[in-house]
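Presented below is the structure to which this report refers.
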Amino acid sequence: MYTDTSFWLLASNSLQRDNLIFLSSLLLCSISLLSSSALFSSIENISYQSSAYFGFMTIFGISFGDIVPTNLVWFSGYCLFFLISDVLSNHIFYFFQARVRYFFHILARKILLLREEDDGFQLETTVSLQHIPIINSQCMPSLVLDCEKEELDNDEKLISSLTST
Numbered sequence: 734m735y736t737d738t739s740f741w742l743l744a745s746n747s748l749q750r751d752n753l754i755f756l757s758s759l760l761l762c763s764i765s766l767l768s769s770s771a772l773f774s775s776i777e778n779i780s781y782q783s784s785a786y787f788g789f790m791t792i793f794g795i796s797f798g799d800i801v802p803t804n805l806v807w808f809s810g811y812c813l814f815f816l817i818s819d820v821l822s823n824h825i826f827y828f829f830q831a832r833v834r835y836f837f838h839i840l841a842r843k844i845l846l847l848r849e850e851d852d853g854f855q856l857e858t859t860v861s862l863q864h865i866p867i868i869n870s871q872c873m874p875s876l877v878l879d880c881e882k883e884e885l886d887n888d889e890k891l892i893s894s895l896t897s898t
């Protein structure tokens, strides 16, 4: 199996790699939206703003149906552009969900490690097991970002160190 890792060497850590994937998806989605809007406006003889509105509403799932293609010959071309854009926009939405989940995971950990008597954080090895949140993995998506994997590994080490003592 051929694996080319030269592209990923641009990102030195997992957070940069995740951001690079997100930005490339956002760029491809924008290019697809702009090019499909140009195609739609030239074939359907409507303004570029109206065709961009049609593309945006179609890609992001609102789709009120107020602007629809009238030329059925080019309909397959529209479908191809919007299918690609829809896949990319779903990837972007998943990325945002994962980043929010990652942020709140870190925030919850920091809040749980706070001591009431001082403003500093406790050492993670002194936290009792009853204060560690349990996240039901069945409610979470099966795929996680690389930066989340590092945090999950840290949590596993923390829990195993608490249970072993």
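Quick note on this note's numbering: the sequence shown kicks off at 734 and runs consecutively.
No residue lacks a Cβ here, since even glycine has one placed at the ideal position from N, Cα and C.
- Task: Would you check if the distance between the CB atom of G788 and the CB atom of L753 is smaller than 8 Å?
- Result: No. Outside cutoff.
- Item | Contacting residues, own chain, Cβ-Cβ under 8 Å from I825 (five flanking each side not counted) | F755, S758, L759 and C762
- Buried versus exposed call for L742 [16 or more other C-beta atoms within 10 Å across all chains shown]: Only weak support is given to the placement of L742: the predicted model assigns it a pLDDT of 49, under 50, and the question is left unresolved by the model.
- Please report the Cβ distance between S822 and F793, rounded to the nearest whole angstrom; I am assuming they are in contact, meaning their Cβ atoms lie under 8 Å. 6 Å
- Message: Quick check: W807 and I776, are their CB atoms within less than 8 Å of each other?
- Response: Against a cut-off of 8 Å, the Cβ pair of I776 and W807 comes out as a contact.
- Counted within 10 angstroms of its Cβ, other Cβ atoms place T803 as buried (16 or more) or exposed: Residue burial annotation: T803 is exposed, with fewer than 16 other C-beta atoms found within 10 angstroms of its C-beta.
- Where T791 sits in the DSSP three-state scheme: helix
- Three-state secondary structure (DSSP) at S780? Correct three-state label for S780: coil.
- Roughly how many angstroms lie between the CA atoms of Q871 and R750, to the nearest whole one? Only weak support exists for where Q871 lies, its pLDDT of 43 falling under 50; the coordinates are left without a value.
- Query: By how many angstroms is the C-alpha of F829 removed from the C-alpha of L813?
  - Reply: 25 Å
- Going by beta carbon distance, what residues of the same chain come within less than 8 Å of Y781, once the five residues before and after it are set aside? Result list for Y781: S770, A771 and S774, in chain order.
- Does DSSP put V806 in a helix, in a strand, or in coil? coil
- Item | Assigned exposure category for A841 - 16 Cβ within 10 Å defines buried | Around the beta carbon of A841, fewer than 16 other beta carbons sit within 10 angstroms, so the residue counts as exposed.
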